[in-house]
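Asks: Take the sequence shown: its position 60, counting from 1, is numbered 82 in the numbering used here, and each next residue is one higher.
We put the CB at the ideal spot given by N, CA and C, even for glycine.
None of the values given here were measured: they were computed from a predicted structure.
Supplied in C-alpha cells, the structure appears directly below.
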Amino acid sequence: MPSWLRDEDLRKAIFPHIRREWEDTIRRVLSIMNQQALLDRNPLLARSIRNRFPYLDPLNHLQVELLKRHRSGDTDEQVVQGLHLSINGIAAGLRNSG
Numbered sequence: 023m024p025s026w027l028r029d030e031d032l033r034k035a036i037f038p039h040i041r042r043e044w045e046d047t048i049r050r051v052l053s054i055m056n057q058q059a060l061l062d063r064n065p066l067l068a069r070s071i072r073n074r075f076p077y078l079d080p081l082n083h084l085q086v087e088l089l090k091r092h093r094s095g096d097t098d099e100q101v102v103q104g105l106h107l108s109i110n111g112i113a114a115g116l117r118n119s120g
C-alpha cells in the first residue's frame, strides 16, 4: 500500500472531496436522465440490486479485513485464498450491474 494511503489525516482531508464529486455526479446523472432516483426507469434491476446487498455486504467487510492482512505481509494461503474467493463472490453477486 502506498505510504500516502496510510496517512489518516490525508485520507480525512481527501475523502470529503471524493464524496462531493460522487454526489455531484449522481445529481448530474439524475438531471440528464430526468429522474428522481437512480434506476427509476428500471425497477426490476433496482430490486434485484437491493436484494443482493444482504449477501454482498458481509463479503465486502470480509474482503477489507483480508486485504489488510495481505497488505501487512500475511502470506498465509488461507488469507490469499479467502481474498480470491471474496473477489469472485462479489463479482458474481454484482453480475451485470457492477
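#1: What are the boundary residues of the alpha helix (DSSP H) that residue 114 is part of?
#2: In angstroms with no decimal places, state the Cα-to-Cα distance between residue 89 and residue 100.
#3: Along the alpha helix (DSSP H) that carries residue 85, what are the first and last residues, could you check?
#4: Give me the Cα-Cα distance between residue 49 and residue 97, rounded to the nearest whole angstrom.
#5: Please confirm whether residue 82 and residue 112 have their CB atoms less than 8 Å apart.
#6: When we look at the beta-carbon of residue 108 and count the other beta-carbons within 10 Å, is it buried (16 or more) or exposed?
Replies: So, to answer that:
#1: The count along the sequence shown starts at 1 and reaches residue 114 at position 92. Unbroken alpha helix (DSSP H) run through residue 114: 99-116.
#2: In the sequence shown, counting from the first residue as 1, residue 89 sits at position 67. In the sequence shown, counting from the first residue as 1, residue 100 sits at position 78. Distance between residue 89 and residue 100, taken at the CA atoms: about 12 Å.
#3: Taking the first residue of the sequence shown as 1, we reach residue 85 at position 63. The continuous alpha helix (DSSP H) containing residue 85 extends over residues 65-93.
#4: Locating residue 49 in the sequence shown gives position 27, where the first residue counts as 1. Locating residue 97 in the sequence shown gives position 75, where the first residue counts as 1. When rounded, the separation of the alpha-carbon atoms in residue 49 and residue 97 is 43 Å.
#5: Position 60 of the sequence shown holds residue 82. Position 90 of the sequence shown holds residue 112. Yes, the pair counts as a contact, with Cβ atoms nearer than the cut-off.
#6: The sequence position of residue 108 within the sequence shown is 86, counting from 1. By the C-beta density criterion, residue 108 is buried, having at least 16 other C-beta atoms within 10 angstroms.
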